[in-house]
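*Asks:*
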Amino acid sequence: MTKVAASSLRKGFVVDMDGKLYVVLNVENIHPGKGTPVTQLNMRRISDGVKVSERYRTTEQVERAFVDQRDHTFLYKDGEGYHFMNPESYDQLVASEEVIGDLGAYLQENMTVVLSTHNDVPIALELPRTVTLEIVETEPSVKGQTASSSYKPAILSNGVRTMVPPYIAAGTRVIILTEDGSYQERAKD
């Protein structure tokens with residue numbers, strides 16, 4: 295464990311508060327016109343999944359817990375949870391629905407992800423920056439409509455809704471940012 299400035303924390307980091315581990319879900323650095331800048335942390339307690347929100351002065355020190363971060367291959371999801379395999383040792387780990395959260399929609403079979411574990415218990419997941427998915431439903435494109443800043447709603451093959459340019463039709467494979475589910479570009483395959 296080491297102490298770090300609250301402003302240096304990022305999404306996915308694990309902090310130790312009063313002997314309990316929390317994974318950082320969201321970080322916001324707030325710089326008001328007057329007064330001290332603060333860092334707002336939204337976190338989830340690893341032991342029971344309770345979400346908490348804390349505010350620190352940006353210079354305040356926070357205990358950062360070091361976790362084992364390794365590449366794992368996603369195998370499948372069942373009633374027990376999400377199953378991952380370490381490609382070096384072939385050990386399998388099961389991550390709960392609370393740990394994976396809304397990132398589960400972007401998991402694909404044999405996808406390599408970074409799984410964070412503490413004492414061999416999965417606590418956080420880091421996906422690749424982008425995934426390739428197919429558009430299963432969208433409004434038909436209107437003739438003469440240019441590729442301006444107007445986007446239309448679409449449903450991806452994983453069930454997630456996103457906004458795509460007007461020229462994208464159903465059946466098109468697109469690259470999606472896993473961070474926020476936004477359209478990046480048309481897939482080149």
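Heads up: the sequence shown runs through residues 295 to 483, numbered per my numbering. Where is the CB? At the ideal position from N, CA and C, for every residue including glycine.
1) Report the option in Ala300, Leu409 and Leu450 whose CA atom is closest to the CA atom of Ala463.
2) Which of the three DSSP states is assigned to Asp445 in this structure?
3) Spell out a yes or no on whether the region 303 to 316 and the region 358 to 366 are touching, meaning 3 or more CB-CB pairs, one atom from each, closer than 8 Å.
4) Would you mind giving the Cβ-Cβ distance between Thr432 and Val458, rounded to the nearest angstrom? I have them listed as a contact below 8 Å.
5) By the three-class DSSP mapping on this structure, what secondary structure does Tyr461 have?
6) Looking only at DSSP bridge pairs, what is Leu427 linked to?
7) Can you find the residues in the same chain that come closer than 8 Å, C-beta to C-beta, to Arg349, ignoring five residues on each side of it along the sequence?
8) Less than 8 Å between the CB atoms is what I'm expecting for Val388 and Tyr376, so what's the real figure, rounded?
*Replies:* In brief:
1) Counting from one through the sequence shown, the residue named residue 463 turns up at place 169. The option with the nearest alpha carbon to Ala463 is Leu450.
2) On the sequence shown, residue 445 is found 151 positions in, with the first residue counted as 1. In the sequence as presented, Asp is not what sits at residue 445; that position holds Tyr. Three-state result, Tyr445: coil.
3) yes
4) Sequence index remark: in the sequence shown, residue 432 carries index 138 (1-based). Sequence index remark: in the sequence shown, residue 458 carries index 164 (1-based). Thr432 to Val458, Cβ: 6 Å. Contact.
5) Along the sequence shown, read from residue 1 onward, the residue named residue 461 stands at position 167. Coil at Tyr461, not helix or strand.
6) Reading the sequence shown from its first residue, position 133 is the one you call residue 427. Looking at the DSSP assignment, Leu427 forms a beta bridge with Val468.
7) Walking along the sequence shown from the start, residue 349 turns up at place 55. The residues are Val332, Thr333, Gln334 and Leu335.
8) Along the sequence shown, one-based indexing puts residue 388 at 94. Along the sequence shown, one-based indexing puts residue 376 at 82. The pair is a contact, with the Cβ atoms about 7 Å apart (cut-off 8 Å).
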